[in-house]
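Chains A and V, in that order, give the protein sequences.
Residue numbering for the first sequence follows the numbering used here, beginning at 6 and increasing consecutively.
Residue numbering for the second sequence follows the numbering used here, beginning at 259 and increasing consecutively.
Since the structure comes first, as structure tokens, the remarks are kept for the end.
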Amino acid sequence: MKKMLMKISYCLAVAVFLCTTAAAHAGLAIIAHPSNPIAGITADEATKIYLGKTKSFANGRRVVPVDQREGTRSHKKFYKSVVKKDDRALKSYWSKLLFTGKAKPPEVIGDDQAVKKWVAEHRNGLGYVDARVLDRSVKVLLVVP
Amino acid sequence: MKKQLVSALGLSLCLGAGAAWAEGITFNGFLTAGATYGDSEVGTQDGNINNNVEFTNDTRIGIQLSAEVNPRVDVTAQLLARAKEDNSDVVADWAFVSYTLTDPLKVRAGKLKLPTYLISDYIEVGYAYPWIRPPQEVYFSNPISTINGVDLLYNAYFGDFFILIQPYFGQSKGDEALIPQEALPLLPVPPPAGTVAYLDFTAEEMKGINFSVGTDFFTLRAGYLETKVNAAFQGVDNDDVEFYSLGATLDWRNIVIYAESFERKIDGFANVAFPNQRGSYGTLGYRIGKFLPHVTVALLEPYDQKPFNPPAGYGQALEQESVTVGLRYELGSGAALKIEAQRVEPEAGTRGLLIGNPNDPALDDPSKSVNIYSIAIDVVF
Chain A
6 MKKMLMKISY CLAVAVFLCT TAAAHAGLAI IAHPSNPIAG ITADEATKIY LGKTKSFANG
66 RRVVPVDQRE GTRSHKKFYK SVVKKDDRAL KSYWSKLLFT GKAKPPEVIG DDQAVKKWVA
126 EHRNGLGYVD ARVLDRSVKV LLVVP
Chain V
259 MKKQLVSALG LSLCLGAGAA WAEGITFNGF LTAGATYGDS EVGTQDGNIN NNVEFTNDTR
319 IGIQLSAEVN PRVDVTAQLL ARAKEDNSDV VADWAFVSYT LTDPLKVRAG KLKLPTYLIS
379 DYIEVGYAYP WIRPPQEVYF SNPISTINGV DLLYNAYFGD FFILIQPYFG QSKGDEALIP
439 QEALPLLPVP PPAGTVAYLD FTAEEMKGIN FSVGTDFFTL RAGYLETKVN AAFQGVDNDD
499 VEFYSLGATL DWRNIVIYAE SFERKIDGFA NVAFPNQRGS YGTLGYRIGK FLPHVTVALL
559 EPYDQKPFNP PAGYGQALEQ ESVTVGLRYE LGSGAALKIE AQRVEPEAGT RGLLIGNPND
619 PALDDPSKSV NIYSIAIDVV F
């Protein structure tokens with residue numbers, strides 16, 4: 006009984022610790038649909054998908070990435086830390102592909118909540134959200150601190 | 259008719275918003291608003307840059323609509339209105355259907371913009387390059403800008419490298435070529451020198467290939483295009499035209515480099531009006547925060563010119579040299595302000611790409627060169 010209580014309190018402590026650290030360091034989570042069997046994604050793979058260089062996950066499943074609108078914290082963090090392109094470079098990159106009919110940028114869905122909801126509803130979806138909005142409706146593939 | 263097309267597209271867009279099949283429609287655009295001033299009474303050969311402040315040379319707007327019909331089929335239409343054209347008439351600059359054969363391989367059919375040179379297929383999108391207008395010594399050399407036909411687009415990525423192979427095939431009808439000043443006397447009713455006149459022509463059996471390799475910050479490109487041109491002008495009849503080009507671009511750390519060269523070979527009577535030419539340019543820029551100062555040196559010269567039995571005085575290649583200094587400034591997201599000063603100097607007694615020789619002693623104020631000042635705002639949305 007005592008051991009059980011110890012375990013519970015230990016678990017609670019860990020949970021509290023995890024929650025507080027998550028809140029203190031708002032990580033960015035790259036998320037997919039829960040049915041996607043893929044275990045994870047690298048920043049490099051995510052970059053290639055978001056720049057239209059590949060149309061599938063590493064496991065071969067077709068991928069449909071969605072973007073947040075410009076100006077959200079997550080959008081800034083994603084392009085700064087993962088894709089590593091500034092706004093000018095990104096706009097210039099897509100202008101050349103979009104207006105020559107070669108490729109289209111990912112669809113813009115909105116903010117963290119809207120992207121989470123969209124990914125939860127699309128089997129091939131890929132998105133990025135602030136780790137604080139995560140719940141069981143989506144699968145986390147990578148957390149960028 | 260053109261207006262009807264636009265309103266029809268607009269209407270279908272509005273209706274589409276409520277229809278399930280139109281879920282995948284995207285709408286994008288680009289705009290350039292620019293002004294120019296030349297310090298000589300001799301302007302550019304199309305008359306758009308002259309001794310007044312003019313707003314027509316660079317000003318244009320493009321609207322692109324694209325729709326995903328299904329995961330393999332896309333349709334795209336890009337409508338362009340240039341201030342240069344009469345009353346900003348709208349033309350469909352791109353209108354094609356694209357079918358994805360396997361992931362990096364697409365076939366596209368319809369009206370496509372020719373990738374003659376490095377930036378030819380996005381030449382209207384000023385935001386995508388450093389200058390207000392790309393060096394005319396190269397980019398003015400091909401009056402054919404679109405093709406009605408098909409292309410194959412293989413655009414694959416291997417690690418950090420990409421490879422693009424784009425063969426294309428088709429024809430072009432109703433294109434207009436600016437008639438060089440030297441050829442005006444050959445018209446049935448010769449207009450006076452200094453007249454800006456255009457000639458309708460068709461380009462048949464157009465075949466070309468655009469090949470490039472590179473990384474995220476470097477591109478090396480080679481291109482070839484051949485066609486047969488026909489025009490109601492003297493004896494222009496299925497005359498062979500060939501373009502060869504080589505170019506490279508670098509955008510690494512703060513350094514921006516563009517370098518390109520082309521050779522144009524034209525046979526038959528077309529050669530009399532459009533002689534063989536070679537053109538090259540090099541651009542070097544350095545980014546300092548939101549600023550990109552850059553300098554360009556460009557050259558237009560003769561190339562292997564063997565005129566086809568020309569009437570005396572015709573078939574002479576044009577020669578000019580120009581130096582351009584410019585500054586691009588980022589106006590926040592998706593907008594840039596550009597200013598440029600350019601010195602254009604025709605060489606070898608020719609008029610270069612100007613409407614006349616600025617050093618003509620008959621002028622009030624003859625000068626070896628013409629200075630052109632330009633300002634523009636480029637936006638993508």
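Cβ atoms here follow ideal geometry from the backbone N, Cα and C, with glycine treated the same way.
Chain A contact residues for residue i, given Cβ-Cβ distances below 7 Å
i, result
"N286/V", "L103"
"E518/V", "Chain A residues near E518/V: none, gap ~16 Å exceeds 7 Å."
"W510/V", "Result: empty, since nearest Cβ-Cβ is about 11 Å, beyond 7 Å."
"L411/V", "K107"
"L588/V", "Sequence inspection shows Glu at residue 588/V; the Leu mentioned does not correspond to that position. Simply R93."
"D361/V", "K60"
Minimum C-alpha distance to residue i - residue among the options
i, options, result
"F398/V", "I381/V, A339/V, V581/V, G547/V", "I381/V"
"V68/A", "W123/A, A108/A, T59/A", "T59/A"
"S561/V", "L550/V, N529/V, P551/V, T541/V", "Before going further, note that residue 561/V is Tyr rather than Ser in the sequence given. It is N529/V whose Cα lies nearest to the Cα of Y561/V."
"P39/A", "G130/A, R137/A, D135/A", "G130/A"
"E579/V", "G610/V, F476/V, E588/V, I437/V", "G610/V"
"D117/A", "K90/A, D140/A, K109/A, S100/A", "D140/A"
"G106/A", "T360/V, S356/V, D361/V", "S356/V"
"G584/V", "A599/V, A367/V, N615/V", "A599/V"
"G505/V", "A490/V, F491/V, E521/V, D498/V", "E521/V"
"A367/V", "T360/V, I377/V, F354/V", "F354/V"
"F639/V", "T608/V, T477/V, L323/V", "L323/V"
"Y415/V", "T473/V, D433/V, V408/V", "T473/V"
"L612/V", "I283/V, L410/V, Q303/V", "Q303/V"
"V365/V", "F427/V, W510/V, S538/V", "F427/V"
"F420/V", "K431/V, P362/V, E395/V, I405/V", "P362/V"
"G305/V", "D379/V, D418/V, P438/V", "P438/V"
"G287/V", "L337/V, Y544/V, D297/V", "L337/V"
"H552/V", "D347/V, T360/V, P388/V", "P388/V"
Cross-strand partners of residue i (DSSP beta bridge)
i, result
"P70/A", "L131/A"
"S378/V", "Partner(s): none; S378/V has no beta bridge."
"K364/V", "T358/V, L411/V"
"V638/V", "F288/V"
"W352/V", "Q336/V"
"K596/V", "R586/V, A634/V"
"N629/V", "R601/V"
"V331/V", "N328/V, Y357/V"
"E299/V", "Paired residue(s): none; E299/V is not in a bridge."
"W510/V", "I513/V"
"A461/V", "S430/V, V487/V"
"L147/A", "I35/A"
"Y502/V", "Y482/V, E521/V"
"H80/A", "DSSP, once it has assigned bridges, lists no residue as partnering H80/A."
"P624/V", "Beta-bridge pairing links P624/V to no other residue."
"Y456/V", "L436/V"
"T477/V", "G472/V, T507/V"
"V581/V", "V555/V, R601/V"
Under 8 Å from the C-beta of residue i: neighbouring residues of chain V
i, result
"E75/A", "S591"
Within chain A, the residues that residue i reaches when beta carbons sit closer than 9 Å
i, result
"V638/V", "K96, S97, W99, S100, L103, F104"
"S356/V", "G106"
"Q492/V", "Chain A residues near Q492/V: none, gap ~36 Å exceeds 9 Å."
Expected contact under 8 Å - CB spacing of residue i and residue j to nearest Å
i, j, result
"T314/V", "K342/V", "5 Å"
"S97/A", "Y456/V", "With a Cβ gap of about 33 Å, S97/A and Y456/V do not count as contacting."
"F248/V", "L483/V", "With chain V covering 259 to 639 only, the question about residue 248/V has no answer from this structure."
"V124/A", "R74/A", "16 Å between Cβ atoms; not a contact."
"I251/V", "S632/V", "In this structure chain V extends from 259 to 639, so residue 251/V is not present and cannot be described."
"A339/V", "I307/V", "Not confirmed; about 19 Å, so no contact."
"V143/A", "K109/A", "The Cβ separation is near 24 Å, so there is no contact."
"A531/V", "A441/V", "4 Å"
"L146/A", "I46/A", "4 Å"
Neighbour list for residue i in chain A, Cβ cutoff strictly below 8 Å
i, result
"F532/V", "Result: empty, since nearest Cβ-Cβ is about 27 Å, beyond 8 Å."
"T334/V", "G106"
"L289/V", "Under the 8 Å cutoff, chain A gives no residues; its nearest Cβ is about 12 Å from L289/V."
"R366/V", "G106"
Please list the residues of the stretch 89–114 of chain A that have a C-beta atom closer than 7 Å to any C-beta atom in chain V, keeping them in chain order. D92, R93, K96, S97, S100, K101, L103, F104, T105, G106, K107, K109
Below 8 Å between beta carbons is the criterion; list the residues of the stretch 48–67 of chain A that meet it against any residue of chain V, in chain order. K53, K58, T59, K60, S61, R67
Counting only Cβ-Cβ distances shorter than 9 Å, please list the residues of the stretch 307–332 of chain V near chain A, keeping chain order. G320, Q322, S324, E326, P329, D332
Taking a cut of 7 Å between CB atoms, which residues from the stretch 377–392 of chain V lie near chain A? Residues passing the 7 Å Cβ filter: D379, Y380, V383, Y385, A386.
Contact list for the stretch 413–443 of chain V against chain A, Cβ threshold 7 Å: N413, Y415
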